[in-house]
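Presented below is the structure to which this report refers.
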Amino acid sequence: MSLLRPMRRKPPQGGPRARVDFKPTDSYWVIAMTDETAQTATLPRRGRGGGGAARRAERTAVSVETAKYIQRNIPNYEILTEEALDVIQANAEQILEEIGVAFVDNPAALERWKAAGAEVTGERVRIPKGLARKLCETAPATFTQHARNPERSVEIGGKNLVLAPVYGPPFVRDAEGGRRYATIADFQKFVKLGYMSKWLHHSGGTVCEPTDVPVNKRHLDMLLAHMTLSDKPFMGSVTEPERAQDSIEMCEILFGKDFVRDNTVLVNLININSPMTFDSTMMGALEIYAAHNQACIISPFIVGGAMAPVSVAGTLTQVLAELLAGVAYSQLIRAGAPVIMGAFVTSIDMNSGAPTFGTPEAAHITYGVGQLARRLGLPYRSAGSFCGSKLPDAQAAYETANSLNMGLLAGVNFMLHACGWLEGGLVASFEKFVMDADQLGTLHHLARGVDMSEDAQALDAIREVGPGGHYLGCAHTQANFKSAFWRSDLFDYKPFETWDEEGARDTQALASILVQKLVDTYQQPTLDPEIHAALLAYVDAKKAAMPDSFM
95 MSLLRPMRRK PPQGGPRARV DFKPTDSYWV IAMTDETAQT ATLPRRGRGG
145 GGAARRAERT AVSVETAKYI QRNIPNYEIL TEEALDVIQA NAEQILEEIG
195 VAFVDNPAAL ERWKAAGAEV TGERVRIPKG LARKLCETAP ATFTQHARNP
245 ERSVEIGGKN LVLAPVYGPP FVRDAEGGRR YATIADFQKF VKLGYMSKWL
295 HHSGGTVCEP TDVPVNKRHL DMLLAHMTLS DKPFMGSVTE PERAQDSIEM
345 CEILFGKDFV RDNTVLVNLI NINSPMTFDS TMMGALEIYA AHNQACIISP
395 FIVGGAMAPV SVAGTLTQVL AELLAGVAYS QLIRAGAPVI MGAFVTSIDM
445 NSGAPTFGTP EAAHITYGVG QLARRLGLPY RSAGSFCGSK LPDAQAAYET
495 ANSLNMGLLA GVNFMLHACG WLEGGLVASF EKFVMDADQL GTLHHLARGV
545 DMSEDAQALD AIREVGPGGH YLGCAHTQAN FKSAFWRSDL FDYKPFETWD
595 EEGARDTQAL ASILVQKLVD TYQQPTLDPE IHAALLAYVD AKKAAMPDSF
645 M
């Protein structure tokens, strides 16, 4: 068993891998190396090199075990009939044609729509039936997001599921310090935890909002953290079009300008201001990314009863109308630009007005949008570790489990917020991050489906044991016990007496210990020193060129 292993440029074919032994002091933290999950960190080949220092860094680099993105072997759960889907699609196109959508403070967008055949009145765009759907046809059904370590690149779409961490909370929480405003040090710590998390495929974007850095400069520090502290794929900035451009330029330093021109290296979250409003900030970022062939998640932000109707069918209709307009607009910028059809959906507590999570209505909508996305042939983003709880407690666990499982069954291809979400998205919790990341392992195992190989049928074992025996010592068990069952790396399975003697620790306490273990064993993935220096120089120059702004 080991957590870390030295990276080799060319491991011997079929031979043993060199390892650095990691001996945990607590038996609940163990990672088993398997052929399926073992990956070796390597840098993309560059035309330029970092010389001897770069080669020495690569030889001595340490990589952590990361599971490949999920490839489903199970069917999607389809809650709507074909007739229901026809009705929703017809109603959505009727909304686009009769009511339209608003593109606010964006004259260029209005001109594009007018040239495409839409009716434009003021800032209202009415789209003739069939036009938006036709424009969506040029968006790819699948695409690759490249990581700087090619072994960690992800394929988005089809039967694949890519898991990414929480996005956007201004607050963080840990067992020691409680709830507080997030800092850049917190952000960097989350990136390290994401890099160390076995079941997490993606480094994410704004894993928390570092409020100690000026608003107009913090995107530079966040991008730098993703690029240098992890080698998993990551997300760009969308808070201003200029920050989207900065994201492109930093990627050109990291990957090389030619590589970025020809490949997708960023996924970016573009929210629609539901109901049916497209603001100039988000659309400006979309315009930058689509023009550079970088992927955008186009996602309504739906709180049922506030930003959409209280009924599931009504919400599905509005969501589809917004998505048709948003995806179509991305293709007006650049036909063939990669896009992910998104849906962030929750309901509202009609007594308090607070959003609720893990509810059956949200599941109905998530399943339904999955069917609509597959109808359009587009990758699908939804679900996550959603909960409204203030602490990583039983409420958080129930709501999160409901939300994660519905995402797997709904056919989601890109799951943002897969770990760390707390308090309706206001808080990123360190303990919940590792609790959720541990549970993502269950999604991997569920998605495999049922093995019906000759070995899995186990007839020899049944013959060997016979009536009244037990399977603990039989040959089949001995051959398969290491990989037979998924096992949490966090939960406590000890007898009561041992658990009590060790301090009667609950899951949050165990998670707090695990957070510290991961941080203590973290080692930064290797990066060409010339590229690292160029990134630092870019960030320093950009920051020096503008005054601080906290607005």
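Numbering-wise (our numbering), the sequence shown opens with residue 95 and increments by one.
Beta carbons: idealized from backbone N, C-alpha and C, even for Gly.
Problem set entry | Inter-residue spacing [alpha-carbon to alpha-carbon] between residue 442 and residue 535 | 30 angstroms
Problem set entry | Distance between residue 376 and residue 644 (C-alpha atoms, nearest Å) | 19 angstroms
Exercise. Three-state secondary structure (DSSP) at residue 409?
Worked result: Here residue 409 sits in helix by DSSP.
For this session: Confirm, please, whether the CB-CB distance from residue 633 to residue 318 is below 9 angstroms.
Result: Closer than 9 angstroms, so yes.
For this session: List in chain order: all unbroken alpha helix (DSSP H) runs of 4+ residues lying wholly within the stretch 341 to 395.
Result: 351 to 356, 374 to 385
Exercise. When you compare only the Cα positions, how much space is there between residue 218 and residue 186?
Worked result: 16 angstroms
Exercise. Leaving out five residues before and five after residue 637 in sequence, what residues of the same chain have Cβ atoms less than 7 angstroms from its Cβ?
Worked result: 311, 314
Exercise. With distances taken between CB atoms, is the gap from residue 167 to residue 542 smaller than 9 angstroms?
Worked result: Yes; because the gap between Cβ atoms is below 9 angstroms, this pair is in contact.
Problem set entry | Chain-order list of residues whose beta-carbon lies under 6 angstroms from that of residue 508 (same chain, five-residue window excluded) | 250, 256, 434, 475
Problem set entry | C-beta atoms of residue 164 and residue 254 nearer than 9 angstroms | Yes, the Cβ-Cβ distance between residue 164 and residue 254 is below 9 angstroms.
Problem set entry | Counted within 10 angstroms of its Cβ, other Cβ atoms place residue 283 as buried (16 or more) or exposed | buried
For this session: Check whether the stretch 457 to 469 touches the stretch 406 to 419, counting contact only when three or more Cβ pairs, one atom from each stretch, lie closer than 8 angstroms.
Result: With a cut-off of 8 angstroms, the stretch 406 to 419 and the stretch 457 to 469 count as touching, because enough Cβ pairs lie within range.
For this session: Would you identify the three-state DSSP class for residue 193, choosing helix, strand or coil?
Result: In this structure, residue 193 counts as coil in the three-state DSSP scheme.
For this session: Return the chain-ordered list of same chain residues with a C-beta closer than 7 angstroms to the C-beta of residue 422, the five sequence neighbours on each side being excluded.
Result: 226, 229, 230
For this session: Tell me, please, whether the stretch 321 to 340 touches the stretch 380 to 389 by the rule of three or more beta-carbon pairs shorter than 8 angstroms.
Result: yes
Problem set entry | Chain-order list of residues whose beta-carbon lies under 6 angstroms from that of residue 471 (same chain, five-residue window excluded) | The beta carbon of residue 471 is closer than 6 angstroms to those of 235 in its chain, skipping five residues each way along the sequence.
Problem set entry | Length of the line joining the Cα atoms of residue 200 and residue 215 | 13 angstroms
Problem set entry | Reduced DSSP secondary structure (H/G/I, E/B, other) of residue 599 | coil
Exercise. Which same chain residues, not among the five before or five after residue 503, have their C-beta less than 6 angstroms away from its C-beta?
Worked result: Annotation for residue 503: 171 place their beta carbon closer than 6 angstroms to its own, counting only its chain and skipping 5 residues before and after.
For this session: Identify every run of the alpha helix (DSSP H) within the stretch 292 to 347, keeping only runs that are complete inside it and at least 4 residues long; order them along the chain.
Result: 312 to 323
Exercise. Rounded to a whole number of angstroms, what is the C-alpha to C-alpha distance between residue 599 and residue 609?
Worked result: 15 angstroms
Problem set entry | Limits of the beta strand (DSSP E) - the one that residue 402 falls within | Note, residue 402: premise wrong, no beta strand (DSSP E); not H, not E.
Exercise. Residues in its own chain within less than 8 angstroms of residue 448 by CB, not counting five upstream and five downstream?
Worked result: 442, 482, 518
Exercise. Would the beta-carbon of residue 569 be found less than 8 angstroms away from any heavy atom of the ligand ATP?
Worked result: For the ligand ATP, the structure offers nothing, since it holds no ligand at all.
For this session: Give the single residue among 548, 602, 469 whose Cα lies nearest to the Cα of residue 491.
Result: Proximity to residue 491 across 548, 602, 469 peaks at 602, based on C-alpha coordinates.
Exercise. Using DSSP with H/G/I as helix, E/B as strand and the rest coil, what is residue 477?
Worked result: Three-state DSSP puts residue 477 in coil, outside helix and strand.
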